[in-house]
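Protein chains: 2
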Amino acid sequence: MSSTSSRPRTRKAPAERAAEIVAAATAIAREQGLSALTLRAVAVRADVASGLVAHYQPSMDDLVARVYADLVDEEVRDVERVVGAVTDPAARLGALIDTLMDGEREELTVVWVEGWAMARRNDALALAVRAQMERWQTLVESIIEDGCRTGAFSTTEPGEVAWELIGMIDGL
Amino acid sequence: MSSTSSRPRTRKAPAERAAEIVAAATAIAREQGLSALTLRAVAVRADVASGLVAHYQPSMDDLVARVYADLVDEEVRDVERVVGAVTDPAARLGALIDTLMDGEREELTVVWVEGWAMARRNDALALAVRAQMERWQTLVESIIEDGCRTGAFSTTEPGEVAWELIGMIDGL
DNA sequence: GAAGTAATTGATCTAGCGATCAATAAGAAA
DNA sequence: TTTCTTATTGATCGCTAGATCAATTACTTC
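Top line first, the protein sequences correspond to chains A and B.
The first sequence: position 147 = 174 (our numbering), numbered continuously.
The second sequence: position 103 = 130 (our numbering), numbered continuously.
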């Protein structure tokens, strides 16, 4: 049988343990969505007592928001890297759309959608969702602005167009 | 003070009471989303004991699925009516997009998103979500097919295009 | 008016949630 | 080794969820 009896305690530096707990939470969110992020589930995943999770993360709402921000941040950076490898604005937009729809990001769709839904009951999460939305908007808008400068695109409102593009890509 | 003491029971025909309960649930979902659909919340709204809700709706999962289906069904019919008032395929598509984005449907966005998210843990709801998606797809596809016949549109895969259109509109 | 049917109530059960905290023990300091 | 700090445990609290059911009572039937 598996370790039913209490295994010996392993004592770690607070920073390390805190990181482990966030990592465990992030892994759960990635695999099962934000709604699976419960105090006890994180404790099991990190192989610690539930009280320790609460010790390092006094508010589950905050942890959910943190994990959401981390996951989306990672994705934004990833996309920025892909897009940064291209210079031509039109090609950039194409690369952006391609990488966002290549199917490897389906896992994160649950996080996006659940994040949006849960934000209605979690202020910290609502803040994170809004912040990450703006990051996307900024990224897309800058590409469009570049395109306008080089003459590849033409619009008087890059910001608006950026929002619409994001919406469409999200929908698809 | 409000009716703290037990008010006299009102006994109704099962069909009528059942309808009232579904109506109460639908109202809650419309105003606060599917996640607010709890046994007790419905009971309060319908002004009955919690046990009565459970009596007419033995499974809350099923009730959630039912309410979701009802709400989306209503919306589809509404859109069909609007679209049906126009004959030209291109104008139809325009009317469809216009009515879907006129802001009056924002209330239902929560239902859409929560439905999608909750479907992962509610089989009956998952079924309803899939069914309603197909209704949308059929509606849009038929418009596109009409357009292809009259020469207004040209695509070899109306079905695919329909899905993409739905995705974009959802995103926006 | 009495009897019977069944719609309705509300307490109760189990389960899971976040949060709290006294008790414990691992590892550093002396 | 002994002492002391503090990371860690696990039981526990209060709450909310869906589900269950014996008791109640409104209404129909005879």
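Note that the Cβ used here is the ideal one computed from N, Cα and C, for glycine as well.
Have a look at residue 127 (chain B) and residue 106 (chain B) and give me their C-alpha separation to the nearest angstrom. 8 angstroms
Would you mind stating whether residue 61 (chain B) and residue 141 (chain B) have Cβ atoms separated by less than 8 angstroms? yes
With C-beta atoms as the reference, is residue 63 (chain A) less than 8 angstroms away from residue 155 (chain A)? no
According to the Cβ coordinates, are residue 52 (chain B) and residue 94 (chain B) closer than 8 angstroms? yes
To the nearest angstrom, how far is the alpha carbon of residue 182 (chain B) from that of residue 81 (chain B)? 50 angstroms
Using the C-alpha atoms, what's the distance from residue 98 (chain B) back to residue 57 (chain B)? 8 angstroms
Could you tell me which uninterrupted alpha helix (DSSP H) segments, each at least 4 residues in length, are contained entirely in the region 111–193 of chain B, listed from first to last along the chain? 116–127, 133–145, 150–177
Here's the rule: buried if 16 or more other CB atoms are within 10 angstroms of the residue's CB, otherwise exposed. What is residue 116 (chain B)? buried
Can you look up residue 78 (chain B) in the DSSP assignment and give me helix, strand or coil? helix
Grab the span of the alpha helix (DSSP H) containing residue 36 (chain B) for me, first residue to last. Note, residue 36 (chain B): premise wrong, no alpha helix (DSSP H); not H, not E.
C-alpha gap between residue 71 (chain B) and residue 77 (chain B), whole angstroms: 8 angstroms
So, at 8 angstroms on beta carbons, what are the nonlocal neighbours of residue 41 (chain B) in its own chain, with the 5 sequence-adjacent residues on each side left out? 83
Start and end residues, alpha helix (DSSP H) containing residue 66 (chain B): 66–73
I'd like to check one pair, residue 73 (chain A) with residue 47 (chain A): are the Cβ atoms closer than 8 angstroms? yes
Within this structure, are the beta carbons of residue 138 (chain B) and residue 123 (chain B) separated by less than 8 angstroms? no
So residue 141 (chain B) contacts chain A; which residues on that side make the cut at Cβ distance below 7 angstroms? 144
Quick one: residues in its chain with C-beta nearer than 8 angstroms to the C-beta of residue 30 (chain A), no 5 flanking neighbours on either side, listed in chain order? Residue placement at residue 30 (chain A) is flagged as unreliable, the pLDDT there being 40, under the threshold of 50; the coordinate-derived value follows with that caveat. Same-chain partners within the cutoff: there are none.
Mapping DSSP to helix, strand and coil, what is residue 100 (chain B)? helix
With distances taken Cα to Cα, identify the nearest neighbour of residue 133 (chain B) among B:174, B:59, B:39. B:59
Name, please, each residue of chain A whose Cβ falls closer than 9 angstroms to the Cβ of residue 60 (chain B). 144, 147
With H, G and I counted as helix, E and B as strand and the rest as coil, what does DSSP make of residue 28 (chain B)? Only weak support exists for where residue 28 (chain B) lies, its pLDDT of 40 falling under 50; the value from the coordinates is given anyway. Looking at residue 28 (chain B) - three-state DSSP - the assignment turns out to be coil, as it is neither helix nor strand.
Identify whether residue 84 (chain A) lies in helix, strand or coil by the three-state DSSP scheme. coil
Buried or exposed by the 16-neighbour rule on C-beta atoms within 10 Å, applied to residue 38 (chain A): exposed
Using the three-state DSSP reduction, which class does residue 46 (chain B) fall into: helix, strand or coil? helix
Take the Cβ of residue 28 (chain B) as the centre, count every other Cβ of all protein chains shown within 10 Å, and call the residue buried at 16 or more, exposed below. Because residue 28 (chain B) carries a pLDDT of 40, less than 50, the predicted location of this residue cannot be relied on, and the following value inherits that uncertainty. It counts as exposed.
Counting contacts by CB-CB distance shorter than 8 angstroms, is residue 29 (chain B) in contact with chain A? For residue 29 (chain B), the pLDDT reaches just 39, beneath the cut-off of 50, and the residue's location in the model is therefore unreliable, leaving the point undetermined.
Flag this pair as yes or no: are the beta carbons of residue 190 (chain A) and residue 164 (chain A) separated by less than 8 angstroms? yes
Whose CA, out of B:145, B:45, B:114, B:177, lies closest to the CA of residue 85 (chain B)? B:45
Pull up the distance between the alpha-carbon of residue 145 (chain B) and that of residue 136 (chain B), whole angstroms please. 14 angstroms
Have a look at A:160, A:147, A:108, A:178 and flag the residue whose alpha-carbon is nearest the alpha-carbon of residue 192 (chain A). A:160
How about residue 119 (chain A) and residue 170 (chain A): are their beta carbons less than 8 angstroms apart? yes
Give the C-beta separation of residue 149 (chain A) and residue 88 (chain A) to the nearest angstrom, bearing in mind that I take them to be a contact with Cβ-Cβ under 8 angstroms. 5 angstroms
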